[in-house]
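Residue numbers (the numbering used here), protein chains in the order written: chain D, 1 to 257; chain X, 1 to 257. Every residue, glycine too, gets a C-beta built ideally from N, C-alpha and C. For reference, the structure discussed in these notes is given below.
There are 2 protein chains.
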Amino acid sequence: MTETANQSADGRSLHSRIQSDIADKITSGAWAPGHRIPFEHELTQQYGCSRMTVNKALTVLARAGLIERHRRAGSFVKSRQSEAAVLEIHDIRVEVEALGLEYRYVLASRRRHAADEAEAARLGIAAGEPVVKLACVHFAGERPFCHEDRLVSLDAVPDAGGEAFENTAPGPWLLTRVPWSAAEHRIMADAAGPVVAAALGLKPDAPVLVVERRTWSGEQPVTFVRLSYPAGAHALVARFAPAGDSQAAATTMISTR
Amino acid sequence: MTETANQSADGRSLHSRIQSDIADKITSGAWAPGHRIPFEHELTQQYGCSRMTVNKALTVLARAGLIERHRRAGSFVKSRQSEAAVLEIHDIRVEVEALGLEYRYVLASRRRHAADEAEAARLGIAAGEPVVKLACVHFAGERPFCHEDRLVSLDAVPDAGGEAFENTAPGPWLLTRVPWSAAEHRIMADAAGPVVAAALGLKPDAPVLVVERRTWSGEQPVTFVRLSYPAGAHALVARFAPAGDSQAAATTMISTR
DNA sequence: GCTGCAGTTATGTATATACATATTATTCGG
DNA sequence: CCGAATAATATGTATATACATAACTGCAGC
């Protein structure tokens, strides 16, 4: 044996090599959707390894959604009727600084009150519950980058009532204070309303890219944000290479041109 | 022993229970970012199981990005500076039919020619290479749902030259013919140009949600699509609950109101 | 023909074991 | 005191083994 017990010449582990071998067969089309991939005991022979090793590879592929496994029947290539694209959504300060621009944050308004019907619906709480409503603008250098409209539930985050948000933007403030367990993003286009248009220096009804995010901690709604970006200047980018390498996915940037 | 060798009373496997126990500690905030989670041999004792079992749970959590693992040092809760949102992008026919509407597809134009500079750049090929350029409109019931502009590389898909695309939309046609190994999505807002506005029945410069997708097969660019949806009527939705359950993620719909 | 039971098969889960590897502590020689 | 060799430690990978479970096959008996 010139090789060690764990690794072959190329330095990768055996199960990850089996995994990407199979992933390649699938993404190259050699094994079409519905094709039955070799049984574990067959792969065991092909690679000269134990069943646990091929099982690990196949389990990861199943988790990644590339294959489907059935007892007694075997493992099959899943049909890809839908593509999954992974968006990675960063903090706005990080986004701006990644562009080599100076980040500045300006609080436009801050009010504490009882949620009206519309606000309660957005946040997913009952009307009348106490909330903090914030509006602010994020700048990249001299130019407005993004307008933020936010509701924070005071039930979920009592501390938010006493915070002025003059130096710290509400996003990162919440992130360090409240752990979240679920989030929902809603991405859409819209015409800029008068407030947003003024804040971003756009003509009224100019197109804006809107990202709305609702965040929960357990079952409890925490916050609702609506981020408006001038169209043309910003795009969300999601790259996706199916499974195999797992982190082959992802990266989103919001980039200025 | 009233329990079987593999499963406890609740029917879930032990490693998945360990996994979600830890995931809960993290998402609830009990274990903050940077916190060192118990060593494998400690968890082994807590759960009265072998190291392989806790290793499996921790490996999955590491793949999911919830924890970081270092030899000799231990495993640590990762700081979540960025949120990953998973968009699931379906075929347009499926989207429309999911809304209970009748799907119809109309080819507006189809041309075969040599790619000019702009087209070559979009597709990622050399100028002068042969392409098919398509424009079509997808209808949901009577109303236009989405305008599609597409370039297909004839180097990658020679068959596309002889296809009329009168009955099958180019998206599904390509999907069954050409396996793809990577895709990049670009989501943005824009003002509708005259052609798109006319096709969608909008006023010129009305805001539209634009999804651009570039697809590769191996290293070779296959197709570039630009899908324009009327703003207000459509949104991309991505739900995300971090790891633990893995498929707790995702679903995107493009919904009409 | 149909029901029910036993056998077969592939995956699912878990264990005990072994050695590899990265990294930190410790010890020892100069 | 410093740097090098050495030990200790936690994770990483892999094996052989065992039993569980889902699902299908086929047969026996009515």
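{"Item": "Outcome for X:Lys56 when other beta-carbon atoms lying within 10 angstroms are tallied against a minimum of 16", "Value": "buried"}
{"Item": "Residue environment, D:Leu106, which counts as buried when at least 16 other CB atoms sit within 10 Å", "Value": "For the sequence presented, residue 106 of chain D should be read as Val rather than Leu. Classification for D:Val106: exposed."}
{"Item": "For D:Cys49 and D:Arg12, the rounded distance between their alpha carbons", "Value": "15 Å"}
{"Item": "Spatially closest choice to D:Val237 from X:Ser228, X:Ala73, X:Ile187, X:Pro33, by CA coordinates", "Value": "X:Ile187"}
{"Item": "Residues near D:Ala197 by beta carbon distance below 7 Å, same chain, minus five either side", "Value": "Lys203, Pro204, Ala206"}
{"Item": "D:Ser109 - partner residues in DSSP beta bridges", "Value": "D:Ala135"}
{"Item": "Whole-angstrom distance between X:Glu184 and X:Arg213, CA atom to CA atom", "Value": "6 Å"}
{"Item": "Every unbroken beta strand (DSSP E) within the segment 35-120 of chain D, with a cutoff of 3 residues, ordered by chain", "Value": "67-70, 74-77, 82-90, 103-114"}
{"Item": "Strand pairing of X:Ser217, partner residues [DSSP]", "Value": "X:Gln220"}
{"Item": "Simplified DSSP state of D:Gly11, which is helix, strand or coil", "Value": "coil"}
{"Item": "Spatial distance of D:His90 from D:Phe76 (CA atoms)", "Value": "36 Å"}
{"Item": "Interface residues of the segment 87-117 of chain X facing chain D [CB-CB below 9 Å]", "Value": "Leu87, Glu88, Ile89, His90, Asp91, Val94"}
{"Item": "Closest by C-alpha distance to X:Leu227, when choosing among X:Asp159, X:Ala189, X:Arg80, X:Gly34", "Value": "X:Ala189"}
{"Item": "Whole-angstrom distance between D:Gln220 and D:Leu200, CA atom to CA atom", "Value": "32 Å"}
{"Item": "Cβ of D:Thr27 within 9 Å of any chain X Cβ", "Value": "yes"}
{"Item": "Presumed contact (8 Å Cβ cut-off) between X:Thr215 and X:Val222, rounded CB distance", "Value": "5 Å"}
{"Item": "Pair within 9 Å by beta-carbon distance, D:Phe39 and D:Val96", "Value": "no"}
{"Item": "Three or more C-beta pairs below 8 Å linking the segment 56-65 of chain X and the segment 131-147 of chain X", "Value": "no"}
{"Item": "6 Å Cβ shell around X:Pro33 - same chain, five flanking residues per side excluded", "Value": "Val77, Ser79"}
{"Item": "Local conformation of X:Ser16 per DSSP, three classes", "Value": "helix"}
{"Item": "Touch test, the segment 15-23 of chain X against the segment 161-175 of chain D, Cβ-Cβ under 8 Å, three pairs minimum", "Value": "no"}
{"Item": "Through-space distance from D:His70 to X:Ala121, alpha-carbon basis", "Value": "44 Å"}
{"Item": "Contained alpha helix (DSSP H) runs [length at least 4] in the segment 169-200 of chain X, N- to C-terminal order", "Value": "170-177, 194-200"}
{"Item": "Check whether D:Ala160 and D:Pro170 have beta carbons under 9 Å apart", "Value": "yes"}
{"Item": "Contact set for X:Val157: own chain, Cβ-Cβ below 6 Å, skip 5 residues either direction", "Value": "Val178"}
{"Item": "9 Å Cβ cutoff, D:Glu148 in contact with chain X", "Value": "no"}
{"Item": "Reduced DSSP secondary structure (H/G/I, E/B, other) of X:Ala160", "Value": "helix"}
{"Item": "Interface partners of D:Pro179 on chain X, CB under 7 Å", "Value": "Thr27, Ser28, Gly29"}
{"Item": "DSSP bridge partner residues for X:Arg122 (one or two, in chain order)", "Value": "Partner(s): none; X:Arg122 has no beta bridge."}
{"Item": "CB contact check: X:Phe224 to chain D, cutoff 9 Å", "Value": "no"}
{"Item": "Chain D contact residues for X:Phe240, given Cβ-Cβ distances below 8 Å", "Value": "Ala182, Ala183, Glu184, His185"}
{"Item": "Assigned secondary structure, X:Ala127 (DSSP; H/G/I helix, E/B strand, else coil)", "Value": "coil"}
{"Item": "Same chain only: Cβ atoms within 8 Å of D:Asp116, ignoring 5 sequence neighbours per side", "Value": "Ala127"}
{"Item": "X:Ile125 vs X:Val131 beta-carbon contact at 9 Å", "Value": "yes"}
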